[in-house]
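Numbering (the numbering used here), first residue to last: 1329 to 2085.
See below:
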């Protein structure tokens, strides 16, 4: 076993090497070993190219021929060995153990004096070219253990052993003591130096202090012994999955002892054998009895002659109960063994039942584009929980039934993202420490609205080493996070005014922003108009949306009206509606509606708020000309598929130079006003819809009388009908026909009766 300590030292040294060009390193010598004992020599290659598994060839240069290579063994060539080593290689007395692809151990199970010399480890080239070192050497030194004449037989039987531990430490072991062994023991060390011609020269020698060895007959001071049981750190309660360490210390005179450990589970009286160690150091483990076997989970060792240590490396809840340590001593005549016992109670604490996970947030209501954080805090019923945690954050979107994994932070710091809602990866930051995991989400959007929860998994040391499953897991309560729109700070000038202008002139209607939300958010401006001549609801003139795209309303979607009305953004806080060549039909009330919009990170426009301005009333200065339409209320009944004529009459005519136009409208309950037909001042006839051309006709029967004729009346034609008559006069240079005044008739109610009534 001495060789393995050198192996451990060698590989600890090799870990310090860095990767560069190819370099072969062998265990640093000289190595001192005794005849008849085993030896292991390590070799490693680094910085190589080619396959990860390299080949190794071992040779020796004997002191009698220091320049002559003698081949011993190879991982590549079975016929590599020279004759003097071939038989020992075939018998397995000399062999190469591969530790890794780039490191091996040369084992010689029983050294012979002829094995002393300089050993060379060589690695064949796999690099394509030579670059670096391909072999390394170490010396193995000739010494032979020679027992004294009184101990020759006992040395050959193995009862007397002499071992070297390290460079300066030696041990002498004597088993099966005899009365003749009694006396004074001491060690004499002789120091030698090797001259350049490789001869050894004596320098000095020194003796240690003498130790008195007294041999007592075994059947003479078995006496009463004290046995004390304890747990490591004096803790009689440990976490499930943690190690349970029990110590059994014996008092009294020093002598060979054996120990047996038993376990009495909770709520049982029958003890179970766990493990034992005989006086010879041989360990026995308890057998499986339906539960997990103790094998592989129990470590039993002797700390000193009086102290025994048992460790259950990974406990379960069934390991709770009472443990008994029984120490026994054999008498000389072997008639019976003397024994002493002690017990201790141990509790295994459940991880599952003691874990608590809470989820907290400082702001469950989060404003859009803001940052919010969630904290997952793990607590245990006991304060001494110090186990690695894996935390998984889960998310259930609004309206969904299932939870999806957002992110998983393992106990060793590895981060695993879920494949749902990939935008989280771009805007999420996580931090984790003992018992606390924090999730920070930037630039919140409506997509983050939903329910969050966290799952904590606790690992014990055994499951960490074996990559086994978590020992316990628990899920927090769900926490709902709502992403809300930020509060709009938009304010629009609400004061009203009246503009009185001359006919055919131009004017501007203003829409002034008093205050806005932070961030200079884009605005949409919508202009509305309510004419004086009708009782129609507000008509949408045009809209300039938040992207500055202009759209006209249905009633203003003609080329003439597009030319007449247009909007302008004068400044960040001032918008104007320009009206060209104002005429009588433009008289009425105007106002603007302002909307504040926010562009979310996913490209969606969100409306934060909207405000309306005050009213601007537009009037024309009197021109001395007025239109008066008859206000007589009338009703008409007509049978389905029949024909009806509706009249619109002027009570007086204006100037002989005036022309007149008429517009007929229709309205029914729960529907808006509909333009049917427009007889222009120049005689052109325009229909509100092309499909009405064959269904109705508009004409003028006299200077003061306008007629709307409906043919093949349908049931859906029932409703209210009225007209608007406008006076037109030539005005300006060059002169053009301008709307001077207009008036609206009273409603006429048309009732359609089913045919055959």
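Yeah, the Cβ is synthetic: ideal placement off N, Cα and C, and Gly gets one too.
For clarity, every value in this text was computed on a predicted model and none was experimentally measured.
In the DSSP annotation of this structure, the continuous segment of the beta strand (DSSP E) that includes residue 1399 starts and ends at 1398 to 1402. By the neighbour-count criterion, in which a residue is buried when 16 or more other Cβ atoms sit within 10 angstroms of its Cβ, residue 1923 is buried. Residue 1917 and residue 1942 have their C-alpha atoms spaced approximately 10 Å apart. Between the beta-carbon of residue 1737 and that of residue 1758 there is about 6 Å, and that keeps the pair under the 8 Å contact cut.
Boundaries for residue 1381: no alpha helix (DSSP H) harbours it, and the DSSP string shows neither H nor E there.
Here residue 1965 is exposed, its C-beta having fewer than 16 other C-beta atoms within 10 Å.
Closest in C-alpha terms to residue 1841, from the list 1834, 1859, 1919, comes 1919. For residue 2015, the enclosing beta strand (DSSP E) has its first and last residue at 2013 to 2015.
For residue 1518, the CB contacts under 7 Å within the same chain, skipping 5 residues up- and downstream, are 1530, 1533 in chain order.
Assignment of beta-bridge partners to residue 1423 by DSSP yields 1435. One alpha carbon belongs to residue 1480, the other to residue 1488, and they sit about 9 Å apart.
Between residue 1764 and residue 1781, the alpha-carbon positions lie close to 14 Å from each other.
DSSP, reduced to helix, strand and coil, places residue 1913 within a helical segment of the structure shown.
Excluding sequence positions up to five before and after residue 1745, its CB lies within less than 6 Å of the CB of 1735, 1753, all in the same chain and listed in chain order.
If you compare the alpha carbons of 1466, 1465, 1516, 1504 with that of residue 1483, the shortest gap goes to 1504. Listed in chain order, the beta strand (DSSP E) runs fully inside the stretch 1619 to 1681 are 1626 to 1632, 1635 to 1640, 1649 to 1658, 1665 to 1677, counting runs of at least 3 residues.
Around residue 1635, the same chain offers 1575, 1576, 1577, 1578 as residues with beta carbons nearer than 8 Å, after the five sequence neighbours per side are excluded. Contact between residue 1349 and residue 1375 is confirmed by a C-beta separation of about 5 Å, below the 8 Å threshold. Here the C-alpha atom of residue 1855 lies approximately 19 Å from the C-alpha atom of residue 2001. Counting along the chain, residue 1413 sits inside the alpha helix (DSSP H) bounded by residues 1411 to 1418. Under the criterion of beta carbons closer than 8 Å, residue 1413 and residue 1401 qualify as touching, at roughly 7 Å.
Taking every protein chain shown into account, the CB of residue 1569 has 16 or more other CB atoms within 10 angstroms, so this residue is buried.
The Cβ-Cβ distance between residue 1826 and residue 1949 does not fall below 8 Å. Note: residue 1684 is bridge-paired with 1707 in the DSSP secondary-structure output. Three or more beta-carbon pairs drawn from the stretch 1682 to 1696 and the stretch 1803 to 1818 are found closer than 8 Å, and the two stretches are therefore classed as touching. Between residue 1865 and the set 1897, 1998, 1843, 1849, the nearest pair of CA atoms involves 1998.
Taking C-alpha positions only, residue 1925 is separated from residue 1776 by approximately 20 Å. Secondary structure of residue 1891 (DSSP, three-state): helix. Residue 1880 carries a strand assignment under DSSP once its states are collapsed to helix, strand and coil. For residue 1673, same chain residues with a beta-carbon under 7 Å away, outside a window of 5 residues either side, are 1564, 1650 in chain order. For residue 1554, the closest of 1580, 1571, 1567 by C-alpha to C-alpha distance is 1580. CA-CA distance, residue 2042 to residue 1915, rounds to 35 Å.
Straight-line spacing of the CA atoms in residue 2081 and residue 1995 works out to 18 Å. By the neighbour-count criterion, in which a residue is buried when 16 or more other Cβ atoms sit within 10 angstroms of its Cβ, residue 1640 is buried. In chain order, 2005, 2021 place their CB closer than 6 Å to the CB of residue 2015, counting only its own chain and leaving out the 5 sequence neighbours on each side.
Two segments are said to touch when three or more pairs of C-beta atoms, one from each, lie closer than 8 Å; by this definition the stretch 1587 to 1603 does not touch the stretch 1694 to 1706.
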